[in-house]
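Just so we're aligned, residue 0 is where the sequence shown starts under numbering that gives the first Met the number 0, counting upward by one. Heads up, the beta-carbon is just placed ideally off N, CA and C, and yes, glycines get one too.
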Amino acid sequence: MKLTTRGHYSVKALLDLSLQPGYGPASVKAIAQRQDLPAPYLEKLLIELRRAGLVQSIRGVHGGYQLARSPVEISLGQILDAVGETVDPLSRLTPDAELAGDWVTFTLWKRLSQKLREALYNISLEDLYYDARSWQASQGETTSFVV
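Right under this line is the structure:
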C-alpha cells in the first residue's frame, strides 16, 4: 500500500478538524494554512469526504467544514476509502493456476491485505491524535500541534 497525497492530506484535514473547539467549523483556507496544504486541492478532498458522510459543510460567514461524527467514530480506513485510496495491494492480482507457488504467495498477500485493512479500520482519528501527542511529548515538544 502506498499512501498518496490524497490520503495524506485527507487525514491531515480531518485531524485538524478534530482539534477545533467543540468540533466546530473551520474554513478551507484556515485548514490549508495550518496544515500547509494547497487550498483548491483540499477543497476537492473535503467535498469527497462530505459525500462519504465524514464531514459536514456549514454555510455562512462563520461556516466551513466540521466533522460529521466524533473523532472516535471516524477510522483511518473510512477516510482513505472516501478519497479513493486503495488499501488492497492485490486488487488486480490473480495467481497463475499452473503454479502452486503463486497460490502460496497470493494467499499470503491476501491475508496481509486483510490484516492491514482491519488495522486501518481500527485506528480512529482520536487514536491518531493521542499517538501524535505522545510522540511529541517523548521528543520534549510542547509547541502547538500541527499534523
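Between residue i and the rest of its own chain, which residues show a CB-CB distance below 7 Å, the 5 nearest in sequence each way excluded?
i, result
"Leu45", "Ala12, Val27, Val54, Tyr64"
"Gly139", "none"
"Leu41", "Tyr8, Ala12, Val27, Ile30, Ala31"
"Pro39", "none"
"Thr142", "The pLDDT assigned to Thr142 is 49, lower than 50, so where the model puts this residue is not dependable; a value taken from the coordinates is nonetheless given after this. Closer than 7 Å at Cβ, skipping near neighbours: no residue."
"Pro70", "Ser17, Ser123, Leu124, Glu125, Tyr128"
Residue range of the beta strand (DSSP E) that residue i falls in?
i, result
"Leu66", "63 to 66"
Quickly, what does DSSP pair residue i with across the bridge? List them, please.
i, result
"Ala25", "Tyr64"
"Ile57", "Gly63"
"Ser74", "Ser123"
With a threshold of 8 Å on Cβ separation, who are the neighbours of residue i within its own chain once the five nearest residues in sequence on each side are excluded?
i, result
"Gly83", "Arg5, Glu47"
"Thr3", "Glu84"
"Leu107", "none"
"Val60", "none"
"Glu72", "Ser123"
"Asp15", "Ala25, Ile30, Arg33, Gln34, Val146"
List the endpoints of the continuous alpha helix (DSSP H) containing residue i.
i, result
"Ser137", "124 to 137"
"Gln19", "Premise fails: Gln19 is in no alpha helix (DSSP H) and is neither H nor E."
"Pro39", "38 to 50"
Residue i and residue j look like a contact to me (Cβ under 8 Å); what is the Cβ gap, rounded to whole Å?
i, j, result
"Ser17", "Leu124", "5 Å"
"Gly62", "Pro24", "6 Å"
"Leu75", "Leu111", "About 17 Å; that fails the 8 Å criterion."
"Leu66", "Tyr22", "5 Å"
Counting only the same chain and skipping the five closest in sequence on each side, list residues whose C-beta sits under 6 Å from that of residue i.
i, result
"Val10", "Ile78"
"Arg49", "Ser56"
Any heavy atom of the ligand ATP within a distance shorter than 7 Å of the CB on residue i?
i, result
"Leu115", "In terms of ligand content, the structure shown is empty, and the ligand ATP therefore cannot be addressed."
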